[in-house]
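Colleague:
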Amino acid sequence: MPLFTTKFQEKVGLPPGTLIHVGEKRPENCKITVIAYDENSFEEKEIKSIEESFPYRDRPGITWINIDGVHQTGIIEAVGAQFGIHSLVLEDIVNTTHRPKMEDLEDYLFVVLKMLYYAGNGNDITAEQVSLIIGPDFVISFQEKEGDTFDPIRKRIRNNSGRIRKKGADYLAYSLMDTIVDNYFVILEKIGEKIEEIEEEELLENPSRETVHVIHSLKREMIRLRRSVWPLREVTGVLERGESKLIHKSTRIYLRDIYDHTIQVIDTIENSRDMLSGLLDIYLSSMSNRMNNVMKVLTLIATIFMPLTFIAGIYGMNFANMPELQWRYGYPAVLIAMLVSGLSMVIYFKAKKWL
Amino acid sequence: MPLFTTKFQEKVGLPPGTLIHVGEKRPENCKITVIAYDENSFEEKEIKSIEESFPYRDRPGITWINIDGVHQTGIIEAVGAQFGIHSLVLEDIVNTTHRPKMEDLEDYLFVVLKMLYYAGNGNDITAEQVSLIIGPDFVISFQEKEGDTFDPIRKRIRNNSGRIRKKGADYLAYSLMDTIVDNYFVILEKIGEKIEEIEEEELLENPSRETVHVIHSLKREMIRLRRSVWPLREVTGVLERGESKLIHKSTRIYLRDIYDHTIQVIDTIENSRDMLSGLLDIYLSSMSNRMNNVMKVLTLIATIFMPLTFIAGIYGMNFANMPELQWRYGYPAVLIAMLVSGLSMVIYFKAKKWL
Amino acid sequence: MPLFTTKFQEKVGLPPGTLIHVGEKRPENCKITVIAYDENSFEEKEIKSIEESFPYRDRPGITWINIDGVHQTGIIEAVGAQFGIHSLVLEDIVNTTHRPKMEDLEDYLFVVLKMLYYAGNGNDITAEQVSLIIGPDFVISFQEKEGDTFDPIRKRIRNNSGRIRKKGADYLAYSLMDTIVDNYFVILEKIGEKIEEIEEEELLENPSRETVHVIHSLKREMIRLRRSVWPLREVTGVLERGESKLIHKSTRIYLRDIYDHTIQVIDTIENSRDMLSGLLDIYLSSMSNRMNNVMKVLTLIATIFMPLTFIAGIYGMNFANMPELQWRYGYPAVLIAMLVSGLSMVIYFKAKKWL
Amino acid sequence: MPLFTTKFQEKVGLPPGTLIHVGEKRPENCKITVIAYDENSFEEKEIKSIEESFPYRDRPGITWINIDGVHQTGIIEAVGAQFGIHSLVLEDIVNTTHRPKMEDLEDYLFVVLKMLYYAGNGNDITAEQVSLIIGPDFVISFQEKEGDTFDPIRKRIRNNSGRIRKKGADYLAYSLMDTIVDNYFVILEKIGEKIEEIEEEELLENPSRETVHVIHSLKREMIRLRRSVWPLREVTGVLERGESKLIHKSTRIYLRDIYDHTIQVIDTIENSRDMLSGLLDIYLSSMSNRMNNVMKVLTLIATIFMPLTFIAGIYGMNFANMPELQWRYGYPAVLIAMLVSGLSMVIYFKAKKWL
Amino acid sequence: MPLFTTKFQEKVGLPPGTLIHVGEKRPENCKITVIAYDENSFEEKEIKSIEESFPYRDRPGITWINIDGVHQTGIIEAVGAQFGIHSLVLEDIVNTTHRPKMEDLEDYLFVVLKMLYYAGNGNDITAEQVSLIIGPDFVISFQEKEGDTFDPIRKRIRNNSGRIRKKGADYLAYSLMDTIVDNYFVILEKIGEKIEEIEEEELLENPSRETVHVIHSLKREMIRLRRSVWPLREVTGVLERGESKLIHKSTRIYLRDIYDHTIQVIDTIENSRDMLSGLLDIYLSSMSNRMNNVMKVLTLIATIFMPLTFIAGIYGMNFANMPELQWRYGYPAVLIAMLVSGLSMVIYFKAKKWL
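Chains as they are written, first to last, in the working numbering: chain A, 15 to 369; chain B, 15 to 369; chain C, 15 to 369; chain D, 15 to 369; chain E, 15 to 369.
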């Protein structure tokens, strides 16, 4: 999710429900995997065309269709037609600039989430939109590209570990959402480390000029993060209150757990923002302090040498009648006077605590 | 919508419902077009006087009357009389300084929106008020001046593309509102680009003095934008909750879509404001940094040359008895002393990381 | 309404309902006018004592008693006794430091408003408290002093223009309130002009030192304005929701109109506050910028002339053995060296964009 | 109420309802006065021990027991036992660090208020906790020390002035609360005067360095004041809504009056805080302005005299071959050159508006 | 509770209810104590394995099991199995990074609190998570490590002092929570002292550079504190409203007391934050003031000595024809001119109040 949404110009005026992929264009094909399971059986298959998945639907047990890549709108349309998904929902799936949201369309729930991770160099947060269609006995998940985020869940289903095979589609959806939310803590941890790094650096005398840019970029990341997480509070809150009949009562306590985590993430984000503001204040006061120090040096030097140079200037004058110039000890006397003047300045500044 | 409302002085004390056009005065005539359609038929006509549109009303199907220009209050009054519009509503139509709002007058809904676009040089956001009267089988739209914003919708009606010919007046109204909201994203995109431009510039050593003015003018635009969009949240929220019998149940999901877009726009505006505040902080810290650098140069120069000039001053004194002056290597000795003094200053500043 | 309430010390501990005029003391007498009207008849009369107004009450039609001046507590008490007004309400009428409020006392509504205008030199906002007692067939309005604000309404009643003569006491009260709220827009317009003046001035290189005081005084006015308008939102909101049986259903849409205007005023106030904050930021960054420029000039001068003066100082020394002094082209060589040194400094600063 | 609560360490882990006086320790004895009255009779008595007050309870009419001093926990316990007061309420009475609050214990209401006044030198706001137990026919008021705040009410009861003798215990409680709230206005008035003093001073060129400390201490007072008044809004709001059967319907309008006053106090506090922030901004910009002026003087002096001194330095050089030195008008020519150089600098600075 | 949560990476993707201790790793064993009591009997025992506690459950009276240390997940699991605790609750007990929260699981209440104290050097606030399981006749409390915080309660149970032996498990839970909340006041007191220290220091001319770091670290502590206390408001609020059947009606007034204390703590935290912001403002203005003073000294020195040095320079020039040099009183005249020039500068600066 870019900070500023893009590619809208081409959408203005089009009829609603027109599927136009908004997001990074990708060359590779969508990858579709189907996992069908109940307490006793388990089947996993990668399929070429979405049609292959349809037979699974009529079998008892839970069907989880995972689609990596939403840029092939044909596939999305085929899914929509088969599962009776509203065209606006399909439009939202392919438009990857959405905020997290939850919509209850009675026959199924539609949930949009943001998966966040540090990609590539590990410095920039990358956001990927994950959409979930949650039906009574199926879950369809859409990711922007292939990834391994959901692998632990696949493994738990395969190995029949935990409760996942005993529970329904709502529990599967909860597990997927939980994985995404858990990832936020990893992000927060990394940001926390960066903030602590800055804090330590600031304690030194000379914070580098980069500090303010690092603070700014952390603030930027916070804005992004908050954007992905804030709306999640409502999403999980609504799910947890169990207003949809698709959510079993026993699953609510798990959703409550996600809700608590979301609150905790939001809380940490807000605190981090406070911390960053505080660090900027310290940075600025430290800049101001250094300026004070520079000015003190300048003032010190000027205050000591200006009077001295002036005295030297006096005795450099060429007046015919300057009796001091003929005095035997005129020169050493002036030198001593200069020394005294300089020293008294230094003492004065010591007293004022400038040195 | 100007930031500060204008032309109110002349309205003080007038009876309510007095039609006085508040806004930019325009010379051209109002342009009225009527589009009447149902699933099978379609008629489009530009008419001279509003009376010509009245026959359409009694025919089955949907009638869309679009009036470009609200400065001819006579036309507005005629419409009001024919369609039984409350005089306060008419007053709001011709007063183009209103905030977006929605009023349910039972027989019809009255919606005020702001259409925003970059006009002329493409630097200033121009706002135009669009008012919609939504009846059971008609929509009357009022624009401040002729424009092509609604052309895609006309085309969709003409070509019977999408669902628009199969649906009612509420769907037509939704399509008009959707077009307006989609335009906001185009604005946001442009502002986003400007913000990113500033960000990049700030990373350089020397942000130009203009930066702060650009930031300020972006803030101004944000205030304007927010003013147009914030109240829209309530408008679309109320419509979507479907409290009016004029909105069919099947249209609500579309209105929900506009509501989501509005939230997304508001969200982006708030984030942009945060970003702009951050950029101002960077700008100020960068100013402060440059001041520090300037001061360091000054202090450096003064600290090196003041002592040297003082030494030169000493040996420029004219005392009769200054033995050093007669020494053979007095002059080179002093030069070397000066060199050492200067160099040690430079080394000192290097150690303090001032160089 | 002063920013800080006054004259309370003398009220501490007094029984509630004690009428003590709090506000500017005025020498002139209260002026009482009675307007009685129905759709067909109209009578207007200035009366000396409040008792003269009592007969009007029993006649059919609407009676509007307007009292200019609330410092003669005897008159207020007489009105209270005749119309059965609660003593706390009377106390509120003569205490002109109140915030706008609405109280439903079942037999009548009591509304306190603030009328704002630019008085005298046109620079300071003056606030005057207007209290309305709205009964089933009468309205009593109290102003702090004689004014012409309500003249347009008197004229409309006299000329039977608009709906006013056909409607009840609630519509009359609405008209009075509407006039007061319309005046706020005039104030906002003037403040808007002042803000735009500052904005233009700030774009110049040298904003005057007064700017910050103008910004502060505008902020002060904003605080005052907000204080008068914020509570009005609740007042008009409650009236509009029609919880009192004294407000006819058909009047509600008019009150809704006032409510909308109030929201618009509040909105503009908040935006203006944002603008003023932004202007202060620009002012401070501009101050900082000028400081930078001053410092650059100083550094420039010092950096060019300090080394030069030092060189001159060297050759002003009086050592016996300074071979350069005897060189034929020593003097021009030094002059050229100085020129080169000075020019290279200038070039250096040009390269650093300081010139 | 100190800003930071004290003496809690000794309370940690004690059973609830343990009476430990928290607050300033006082040597003098508690003073107990009983006033018993109904419409026709009146009795006032200072008593030594609380037991003397018990007979009054069984008589018809209203009994008001006022206890000055809550440090003798034995007396509080005796009252509690006689009137059946919950031990947590007694604990709250002797712990004088509480926020204002209201508790409905069905048989009686418990109200905690803060009485504020300028004590001693008139510069520091002193806060005293006043607790009220409001029963069906009695009011017990606890003050921290003897004071004359309630004297006007005693006088009104004695003289049977106003309604107080005709009304119940709730009206008596209202009168006590009203007196306390009225005192807040006296405080606000004084703070208002101080703010206006600062404002005037700031308009001068040279705000003293103390200004920022005065602003800070006013902010501190605001925090204190707000702390005492904010919770009062809820207290009076709840009382006014009349949810307790101990409050007669006819008393509610008086409580509504206190509620309005509380809102007005809060409003003024918030506005004052805004004003103080604005004044700090002015102060800082004024500091910055003075710095600019100081720097201008320095730059001016340096820019004028550095080149001049350099020229003088040139002709102070001792080269054998300096033809200008032998010119007849060399000296006056150089003097004139210096004058021109200096004057042109001055003119340049005049043009740049630095002078 | 660290500001930034840690150790989450290893939890991502694990099934919910997996017990992984998140927090400081501790070597020592968990310590388990059981206290069983009713009004007449009392038994206290330290046990080795949790199984020893199970018999107590079936006896009448209240059982309080206190477990110091949650890093041995086996013990927690055993407790969970015996008391039928939901696995998500167990997970929350061992994950010590939680915000305070309350969950009503019908058969028992689960409350998470943060115990705060100054550990070790007394400068850093240490937070420890305390979890309570409140059943109909038992309370299980989990602490992160052994501590003496609950000793006063143990003593009150042992000695049968206060009401504790007469009341139920809810009262015991209340007592534990009350002890924790009382500790917050001790923290606030210490922070209050530190703030007052800074305030006094700031009043001096030369606040040390450390001030800003102390302010920052206090702000940090405030963020932590707020994080622990804010959610507590909801926790105690929900408990006090008595929505759970596990809370007896007579206990509610005690919970109301905790709620009041929580509000008071939050209030003090918010005020302290305000104070700290104010202190930072003072610090910055004080920095700025010192800079002004430094600059004044520099300007003073430069303004006095630059013209003097220039004059000396003039009479150091070597022109053949400088008549003043031959004047008898040329030298003293120049000295006097210099004195006058210097003095007039001093007088000028005195007039401008720079000295």
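For each residue, glycine too, the CB sits at the ideal point set by N, CA and C.
Please say whether W78 (chain A) and V153 (chain A) have beta carbons closer to each other than 7 Å?
Modeller: The residue labelled residue 153 (chain A) in the question sits at position 139 within the first sequence. The residue labelled residue 78 (chain A) in the question sits at position 64 within the first sequence. Taking 7 Å as the Cβ cut-off, V153 (chain A) and W78 (chain A) qualify as a contacting pair.
Colleague: Give the C-beta separation of L104 (chain E) and L33 (chain E) to the nearest angstrom, bearing in mind that I take them to be a contact with Cβ-Cβ under 8 Å.
Modeller: Taking the first residue of the fifth sequence as 1, we reach residue 104 (chain E) at position 90. Taking the first residue of the fifth sequence as 1, we reach residue 33 (chain E) at position 19. With 8 Å as the limit, L104 (chain E) and L33 (chain E) qualify as a contact, their Cβ atoms being about 6 Å apart.
Colleague: Is Q278 (chain E) close to chain D, meaning its C-beta is less than 7 Å from at least one C-beta of that chain?
Modeller: Position 264 of the fifth sequence, counted from the start, is the residue given in the question as residue 278 (chain E). True, the Cβ-Cβ gap to chain D drops below 7 Å.
Colleague: Whole-angstrom Cβ separation of G161 (chain B) and A183 (chain B), contact assumed at under 8 Å?
Modeller: Working through the second sequence from its first residue, we reach residue 161 (chain B) at position 147. Working through the second sequence from its first residue, we reach residue 183 (chain B) at position 169. Between A183 (chain B) and G161 (chain B) the Cβ distance is about 22 Å, and since that is not below 8 Å, they are no contact.
Colleague: Can you tell me whether S145 (chain B) is buried or exposed? The criterion is at least 16 other CB atoms within 10 Å of its CB, across all chains shown.
Modeller: Position 131 of the second sequence, counting from 1, holds the residue named residue 145 (chain B). It is buried - the Cβ of S145 (chain B) has at least 16 other Cβ atoms within 10 Å.
Colleague: Please report the straight-line C-alpha distance between F56 (chain B) and H35 (chain B), rounded to a whole angstrom.
Modeller: As a working note, residue 56 (chain B) is residue 42 in the second sequence. As a working note, residue 35 (chain B) is residue 21 in the second sequence. Spanning the two alpha carbons is a distance of roughly 33 Å.
Colleague: Run through chain B and tell me which residues come within less than 7 Å of L339 (chain A), C-beta to C-beta.
Modeller: As a first step, residue 339 (chain A) must be located in the first sequence, where it is residue number 325. Neighbours of L339 (chain A) on chain B, chain order: N332, F333 and A334.
Colleague: Identify whether V36 (chain D) lies in helix, strand or coil by the three-state DSSP scheme.
Modeller: As a first step, residue 36 (chain D) is located in the fourth sequence; it is residue number 22 there, counting from the start. Residue state, collapsed to three classes: strand.
Colleague: Which residues in the same chain have their Cβ closer than 6 Å to the Cβ of R113 (chain E), if we skip the five residues on either side of it in sequence?
Modeller: Your numbering for residue 113 (chain E) matches position 99 in the fifth sequence. Here the set comprises P245.
Colleague: Taking 7 Å as the threshold (beta carbon to beta carbon), is S299 (chain A) in contact with chain E?
Modeller: Here the question's residue 299 (chain A) lines up with position 285 in the first sequence. S299 (chain A) counts as touching chain E.
Colleague: Strictly under 7 Å for the Cβ-Cβ distance: is A141 (chain B) near chain C by that measure?
Modeller: As a first step, residue 141 (chain B) must be located in the second sequence, where it is residue number 127. Not closer than 7 Å to any Cβ of chain C, the Cβ of A141 (chain B) fails to qualify, so no.
Colleague: Classify S175 (chain B) as helix, strand or coil using the three-state DSSP reduction.
Modeller: Here residue 175 (chain B) refers to the residue found at position 161 of the second sequence. The answer is coil: DSSP assigns S175 (chain B) none of H, G, I, E or B.
Colleague: If you reduce the DSSP assignment to three classes, tell me which class N80 (chain D) lands in.
Modeller: Reading the fourth sequence from its first residue, position 66 is the one you call residue 80 (chain D). DSSP places N80 (chain D) in strand when its eight states are reduced to three.
Colleague: Looking at the strands, I want to know which residues DSSP matches up with N109 (chain A).
Modeller: Position 95 of the first sequence holds residue 109 (chain A). For N109 (chain A), which the question treats as bridged, DSSP gives the partners A:V36.
Colleague: Are any of the Cβ atoms in chain D nearer than 7 Å to that of G161 (chain C)?
Modeller: As a working mapping, residue 161 (chain C) is identified with position 147 in the third sequence. No, because no Cβ of chain D sits closer than 7 Å to the Cβ of G161 (chain C).
Colleague: In this structure, how does DSSP classify F18 (chain B) when only helix, strand and coil are distinguished?
Modeller: Position 4 of the second sequence, counted from the first residue, corresponds to residue 18 (chain B). In this prediction, F18 (chain B) has a pLDDT of 49, which is less than 50 and means its spatial position is unreliable; what the coordinates show is noted afterwards. Reduced to three states, the DSSP call for F18 (chain B) is coil.
Colleague: Cβ of G182 (chain E) less than 7 Å from any chain D Cβ?
Modeller: Residue mapping note: residue 182 (chain E) aligns to position 168 of the fifth sequence, counting from 1. Not an interface residue.
Colleague: Decide if the region 260–278 of chain B is in contact with the region 286–304 of chain B; the criterion is three or more beta carbon pairs, one per stretch, under 8 Å apart.
Modeller: No: the two stretches stay apart, fewer than three of their Cβ pairs being nearer than 8 Å.
Colleague: With 7 Å as the threshold, decide whether the Cβ of R113 (chain E) is near any Cβ in chain A.
Modeller: Position 99 of the fifth sequence, counted from the start, is the residue given in the question as residue 113 (chain E). Yes, contact with chain A.
Colleague: So, at 7 Å on beta carbons, what are the nonlocal neighbours of V348 (chain A) in its own chain, with the 5 sequence-adjacent residues on each side left out?
Modeller: The residue labelled residue 348 (chain A) in the question sits at position 334 within the first sequence. The answer, listed in chain order, is I325 and Y329.
Colleague: If we define contact as Cβ-Cβ less than 7 Å, is K45 (chain D) a contact residue for chain C?
Modeller: Counting from 1 along the fourth sequence, the entry for residue 45 (chain D) is found at position 31. For K45 (chain D), the answer is no, since every Cβ of chain C falls outside 7 Å of its Cβ.
Colleague: Return helix, strand or coil for D118 (chain B), following the three-state DSSP convention.
Modeller: Position 104 of the second sequence holds residue 118 (chain B). It is a strand residue.
Colleague: Should N285 (chain B) be labelled buried (16 or more other beta-carbon atoms within 10 Å of its own) or exposed?
Modeller: The residue given as residue 285 (chain B) occupies position 271 in the second sequence. It counts as buried.
Colleague: In chain E, which residues lie with their C-beta within 8 Å of the C-beta of H100 (chain D)?
Modeller: As a first step, residue 100 (chain D) is located in the fourth sequence; it is residue number 86 there, counting from the start. Within chain E, the residues near H100 (chain D) are I267.
Colleague: Taking DSSP's pairing of strands, which residues face L130 (chain E) in a bridge?
Modeller: The count along the fifth sequence starts at 1 and reaches residue 130 (chain E) at position 116. Note: L130 (chain E) sits in a beta bridge opposite E:A141.
Colleague: Measuring alpha carbon to alpha carbon, tell me which of C:N109, C:T110, C:L127 and C:E207 ends up nearest M116 (chain C).
Modeller: On the third sequence, residue 116 (chain C) is found 102 positions in, with the first residue counted as 1. The shortest C-alpha separation from M116 (chain C) is found at C:L127.
Colleague: Can you say whether V195 (chain B) is buried or exposed, counting buried as having 16 or more other CB atoms within 10 angstroms of its CB?
Modeller: As a position in the second sequence, residue 195 (chain B) is number 181, starting the count at 1. Classification for V195 (chain B): buried.
Colleague: Short of 7 Å in beta carbon distance, which residues of its chain neighbour Y131 (chain B), apart from the five on each side in sequence? Order them along the chain.
Modeller: Numbered from its first residue, the second sequence carries residue 131 (chain B) at position 117. Counting only Cβ-Cβ distances below 7 Å, and skipping sequence neighbours, we find T140 and N197.
Colleague: Name the residues in the region 68–92 of chain B whose C-beta lies less than 8 Å from a C-beta of chain C; which are they?
Modeller: Hits within the stretch: zero.
Colleague: In whole angstroms, what separates the C-alpha of V311 (chain E) from that of L293 (chain D)?
Modeller: As a first step, residue 311 (chain E) must be located in the fifth sequence, where it is residue number 297. As a first step, residue 293 (chain D) must be located in the fourth sequence, where it is residue number 279. So the two alpha carbons sit approximately 28 Å from each other.
Colleague: Cα separation between R223 (chain B) and M309 (chain B)?
Modeller: The sequence position of residue 223 (chain B) within the second sequence is 209, counting from 1. The sequence position of residue 309 (chain B) within the second sequence is 295, counting from 1. Taking the straight line from one Cα to the other gives about 19 Å.
Colleague: Identify whether S242 (chain B) lies in helix, strand or coil by the three-state DSSP scheme.
Modeller: Here residue 242 (chain B) is taken as the residue at index 228 of the second sequence, counted from 1. It is helical.
Colleague: Does DSSP put E42 (chain B) in a helix, a strand or coil?
Modeller: Within the second sequence, numbered from 1, the residue matching residue 42 (chain B) stands at position 28. Looking at E42 (chain B) - three-state DSSP - the assignment turns out to be coil, as it is neither helix nor strand.
Colleague: Cα separation between V226 (chain D) and K208 (chain E)?
Modeller: Taking the fourth sequence and counting its residues from 1, one reaches residue 226 (chain D) at position 212. Taking the fifth sequence and counting its residues from 1, one reaches residue 208 (chain E) at position 194. V226 (chain D) and K208 (chain E): Cα-Cα distance of roughly 21 Å.
Colleague: For M305 (chain E), decide whether its Cβ has a neighbour in chain A, counting only Cβ atoms nearer than 7 Å.
Modeller: Position 291 of the fifth sequence, counting from 1, holds the residue named residue 305 (chain E). Interface residue, yes.
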